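Counted the way the numbering used here counts, the sequence shown spans residues 4 to 506. Think of the CB as a built atom: it goes at the ideal place given N, C-alpha and C, for glycine as much as any other residue. Every value quoted in this text rests on a predicted model; they were computed, and no experiment measured them.
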Amino acid sequence: MPLLVKLHAKDNVAIAVAPISAGTEVMDGIVASHDIPQAHKIALTDIPAGGEIIRYGVVLGYAIDPIQKGDWINETMLVLPTPPSVDNMEYGKNIVTDLPKAPVTTFEGYRNPNGGYAGTRNLLGISTTVQCVTGVLNVAVKRMREELLPKYPNVDGIVPINHAYGCGVAINAPEAKVPIRTLRNLTKHPNFGGQLMVVGLGCEKLTVDKLLDEADINPENVIILQEQAGFDAMIQALMDMADKKLQILNKRRRETLPLSDLCIGMQCGGSDAFSGVTANPSAGYAADMLVQAGATVMFSEVTEVRDGVHMIAERCVSKEVCDKLAAEMRWYDNYLLAGQVDRSANPTPGNKKGGLSNIVEKAMGSIAKSGTSPIVEVLSPAERPSKKGLIYAATPASDIVCGPCQLASGITLQVFMTGRGTPYGLAAAPVIKVCSRNEMKAMWQDLIDINAGPIATGEATIADIGTELFYKIINVASGREKSFAEKYELYNDLCIFNPAPIT
Ligand code: CA
4 MPLLVKLHAK DNVAIAVAPI SAGTEVMDGI VASHDIPQAH KIALTDIPAG GEIIRYGVVL
64 GYAIDPIQKG DWINETMLVL PTPPSVDNME YGKNIVTDLP KAPVTTFEGY RNPNGGYAGT
124 RNLLGISTTV QCVTGVLNVA VKRMREELLP KYPNVDGIVP INHAYGCGVA INAPEAKVPI
184 RTLRNLTKHP NFGGQLMVVG LGCEKLTVDK LLDEADINPE NVIILQEQAG FDAMIQALMD
244 MADKKLQILN KRRRETLPLS DLCIGMQCGG SDAFSGVTAN PSAGYAADML VQAGATVMFS
304 EVTEVRDGVH MIAERCVSKE VCDKLAAEMR WYDNYLLAGQ VDRSANPTPG NKKGGLSNIV
364 EKAMGSIAKS GTSPIVEVLS PAERPSKKGL IYAATPASDI VCGPCQLASG ITLQVFMTGR
424 GTPYGLAAAP VIKVCSRNEM KAMWQDLIDI NAGPIATGEA TIADIGTELF YKIINVASGR
484 EKSFAEKYEL YNDLCIFNPA PIT
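Below, the structure written as structure tokens:
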């Protein structure tokens with residue numbers, strides 16, 4: 004087993020595959036001067052104060068004090084470089100068309116009545132206009148699951164879209180378009196089979212016409228609790244409407260469909276310094292295979308691409324796509340500035356414990372999950388795509404906010420890479436978990452679906468794990484397998500991104 008992983012010829016640091024004791028000769032002439040925790044960096048050369056610390060071939064930061072060859076480098080020892088400018092970025096310079104060939108080009112999915120992406124699950128989605136209805140809806144959903152669902156064996160489940168938005172908010176603020184668009188697009192999620200069911204209170208700011216098209220606003224699709232004569236009537240109305248929708252959904256059947264009908268998302272959370280070596284590059288390889296076969300793959304998390312945005316720009320297919328990428332980055336820079344922080348507000352204490360010194364190092368690893376395909380479109384948070392292929396969907400990096408944004412953009416499955424471990428999951432689409440280290444898989448044997456750790460120990464290649472992940476995506480999307488998060492129903496709340504004021 005190698006002791007260290009060095010990624011790029013220019014790198015003057017490498018990371019420890021396993022914990023290294025002080026005094027160990029890690030390479031010819033390089034002896035560890037401290038105990039070095041797993042995934043943390045060791046200096047391969049002497050670095051003067053102010054000198055560059057280089058990993059992935061990029062400058063992670065500048066040394067605060069002189070660093071000797073063999074020293075442990077952690078987050079306290081370097082200062083952050085300025086982020087790359089988003090003005091005048093070069094686009095189209097790195098368009099890769101030689102992608103790994105997908106071994107399978109179809110999956111078993113649910114076609115939708117209005118076209119668009121196919122479903123991977125057959126679910127009754129119940130949208131809400133405001134948090135005030137959540138208590139009543141949850142009582143009704145419990146009864147629906149007990150009394151109605153057993154009658155409809157072709158329906159996989161019932162998903163209430165409960166959220167904290169809807170009232171007490173500045174609904175006409177410019178940025179209110181983000182949460183409104185998110186909830187509106189969630190209502191039409193491909194896994195919900197075109198069936199609309201919306202529960203409102205009656206006096207809230209997020210009125211039903213903001214969620215549904217005019218033609219869809221009718222008593223077949225909408226229940227207003229203030230129009231119901233008490234609790235029993237509310238529950239009965241909800242049960243009756245759900246029963247009708249479930250009857251229709253129960254007729255849906257999977258069909259063999261081209262991968263161009265599949266739209267999946269990529270996200271990482273609880274990353275460590277191995278994420279960019281093992282899990283994320285494997286996800287990138289699987290993403291390339293999917294794109295090669297015509298599928299749509301989204302990656303996101305603005306603060307985690309910000310420091311590599313020039314690399315993303317070079318993969319944009321047109322000026323229009325590159326300009327939108329720049330606009331999304333500027334918007335987020337200003338959003339952080341308004342909160343008197345910058346991108347260094349990410350990473351987390353766990354990321355740092357996992358060897359990630361700063362956001363530059365985290366970003367270089369995060370970008371790897373996008374593979375090498377050309378970027379055909381950039382989306383604002385929760386927008387629906389108009390193109391197929393690799394798409395950058397700008398969202399916060401927060402796992403529980405990125406998830407709903409990508410769902411609203413139409414993903415029907417998410418691949419989630421982790422180094423530290425999280426039991427994260429989504430009710431509206433299956434989540435496949437990929438871990439970066441063998442120790443993570445050993446610890447969470449029954450939560451991690453794919454282990455990319457053998458890449459670090461030299462027992463597997465990125466292509467091996469990427470291909471394994473590709474097949475897992477096809478099998479889970481086709482309903483032949485469940486991911487662990489789905490099997491245990493580990494569903495996070497839907498946290499809707501609301502950059503607008505609350506009143
Ligand atoms: Ca994340």
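Inset, instruction - Check each residue's C-beta against every heavy atom of ligand 1 and list, in chain order, those closer than 6 Å. - result: Taking every residue with its beta carbon within less than 6 Å of a heavy atom belonging to ligand 1 gives, in chain order, Gln270, Cys271, Gly272, Glu304, Ala400, Asp402 and Cys405.
Inset, instruction - Give every residue of the same chain whose Cβ lies closer than 8 Å to the Cβ of Arg423, excluding the five residues on either side of it in the sequence, and list them in chain order. - result: Within the same chain, Arg423 has close Cβ partners Gly273, Ser274, Asp275, Gly353, Asn354, Lys356, Gly357 and Met443.
Inset, instruction - Pull up the CB-CB distance for Glu484 and Asn478, whole angstroms please, since I reckon it's below 8 Å. - result: About 4 Å separates the two Cβ atoms, so the contact holds.
Inset, instruction - Would you mind sorting His11 into buried or exposed? The rule is 16 or more other CB atoms within 10 Å of its CB. - result: Flag for His11 reads exposed.
Inset, instruction - Would you identify the three-state DSSP class for Leu63, choosing helix, strand or coil? - result: Looking at Leu63 - three-state DSSP - the assignment turns out to be strand.
Inset, instruction - Determine, using beta carbons only, whether His192 and Gly413 come nearer to each other than 9 Å. - result: Yes, Cβ-Cβ distance for His192 and Gly413 is below 9 Å.
Legend entry - CA nearest to the CA of Asn495, picked from Ser481, Asn454, Glu462 and Pro426: Comparing Cα-Cα distances from Asn495 to each of Ser481, Asn454, Glu462 and Pro426, the minimum goes to Pro426.
Inset, instruction - Using the DSSP secondary-structure output, state which residues sit across from Gly119 in a beta bridge. - result: According to DSSP, residue pairing for Gly119 in a beta bridge does not occur.
Inset, instruction - From the DSSP output, in three-state form, read off Gly287 for me. - result: When DSSP states are grouped into helix, strand and coil, Gly287 belongs to the helix group.
Inset, instruction - Please name the residue or residues paired with Gly268 in a DSSP beta bridge. - result: Residue pairing by DSSP puts Gly268 in a beta bridge opposite Met301 and Gln417.
Legend entry - Per DSSP, the bridge partner or partners of Trp75: DSSP output for Trp75 lists Ile45 as bridge partner(s).
Legend entry - Identified DSSP bridge partners for Met147: DSSP, once it has assigned bridges, lists no residue as partnering Met147.
Inset, instruction - Quick one: grab the DSSP three-state call for Val158. - result: DSSP places Val158 in coil when its eight states are reduced to three.
Legend entry - Sub-9 Å separation of Asn501 and Glu178 beta-carbons: Against a cut-off of 9 Å, the Cβ pair of Glu178 and Asn501 comes out as a contact.
Inset, instruction - Taking all protein chains shown into account, decide if Arg184 is buried (16 or more other Cβ within 10 angstroms of its Cβ) or exposed. - result: Its Cβ being crowded by 16 or more others within 10 Å, Arg184 is buried.
Inset, instruction - Sort out for me which residues DSSP pairs Arg58 with in a bridge. - result: When beta bridges are read from the DSSP output, Arg58 appears opposite Val61.
Inset, instruction - Compute the beta-carbon to beta-carbon distance between Cys469 and Ser285, rounded to the nearest angstrom, for a pair I have assumed lies under 8 Å. - result: Here residue 469 is Gly; the residue named in the question, Cys, does not match the sequence. Contact holds; Cβ gap of about 5 Å.
Legend entry - Cβ-Cβ separation, Val99 to Ser376 (assumed contact under 8 Å), whole Å: About 7 Å; that satisfies the 8 Å criterion.
Inset, instruction - Taking Thr131 as part of the beta strand (DSSP E), name the residues at either end of that continuous run. - result: Residues Leu126 to Thr131.
Inset, instruction - Tell me whether Ala5 is buried or exposed, calling it buried when 16 or more other Cβ atoms sit within 10 Å of its Cβ. - result: For the sequence presented, residue 5 should be read as Pro rather than Ala. With fewer than 16 other Cβ atoms within 10 Å, it is exposed.
Legend entry - Distance, Leu265 Cα to Tyr288 Cα: Whole-angstrom Cα-Cα distance: 17 Å.
Legend entry - Ile505 burial status per 10 Å Cβ neighbour count (16 or more: buried): It is exposed - the Cβ of Ile505 has fewer than 16 other Cβ atoms within 10 Å.
Inset, instruction - Write down every uninterrupted run of the alpha helix (DSSP H) in the segment 357-438 whose length is 4 residues or greater and which is fully enclosed by it, in chain order. - result: Correct list: 362-370 and 402-411.
Legend entry - Neighbourhood of Cys438 by C-beta, 8 Å cutoff - its chain only, sequence neighbours within 5 removed: Only Ala282, Met420, Thr421, Gly422, Gly424, Lys444, Trp447, Ile451, Ile453, Asn454, Ala455 and Gly456 meet the Cβ criterion.
Inset, instruction - Tell me where the beta strand (DSSP E) around Glu28 begins and ends. - result: Unbroken beta strand (DSSP E) run through Glu28: Glu28 to Met30.
Inset, instruction - Return the bridge partner residues of Ile227 from the DSSP annotation. - result: In the DSSP output, where bridge partners are listed per residue, Ile227 has Gly203.
Inset, instruction - Count the other C-beta atoms from every protein chain shown that fall within 10 angstroms of the C-beta of Phe234, then say buried if there are 16 or more, exposed otherwise. - result: So Phe234 counts as exposed.
Inset, instruction - Kindly list the residues whose CB is nearer than 7 Å to the CB of Trp148, restricted to its own chain and excluding five residues on each side of it in sequence; keep chain order. - result: In the sequence as presented, Trp is not what sits at residue 148; that position holds Arg. The beta carbon of Arg148 sits closer than 7 Å to those of Ile161, all from its chain and outside the five residues before and after it, given in chain order.
Inset, instruction - Return the CA-CA distance between Ala397 and Ala330, expressed in angstroms with no decimal places. - result: Going by the C-alpha atoms only, they are around 10 Å apart.
Inset, instruction - Give me the Cβ distance between Leu393 and Ala290, rounded to the nearest whole Å; I'm assuming they're in contact under 8 Å. - result: Contact flag correct, Cβ pair sits at about 7 Å.
Inset, instruction - Could you name the residues that DSSP lists as bridge partners for Val136? - result: In DSSP, Val136 forms no bridge with anything.
Inset, instruction - Please determine, among Glu111, Met292, Thr85 and Lys327, the residue with the shortest C-alpha to C-alpha distance to Arg256. - result: Ranking the options by Cα distance to Arg256, first place goes to Glu111.
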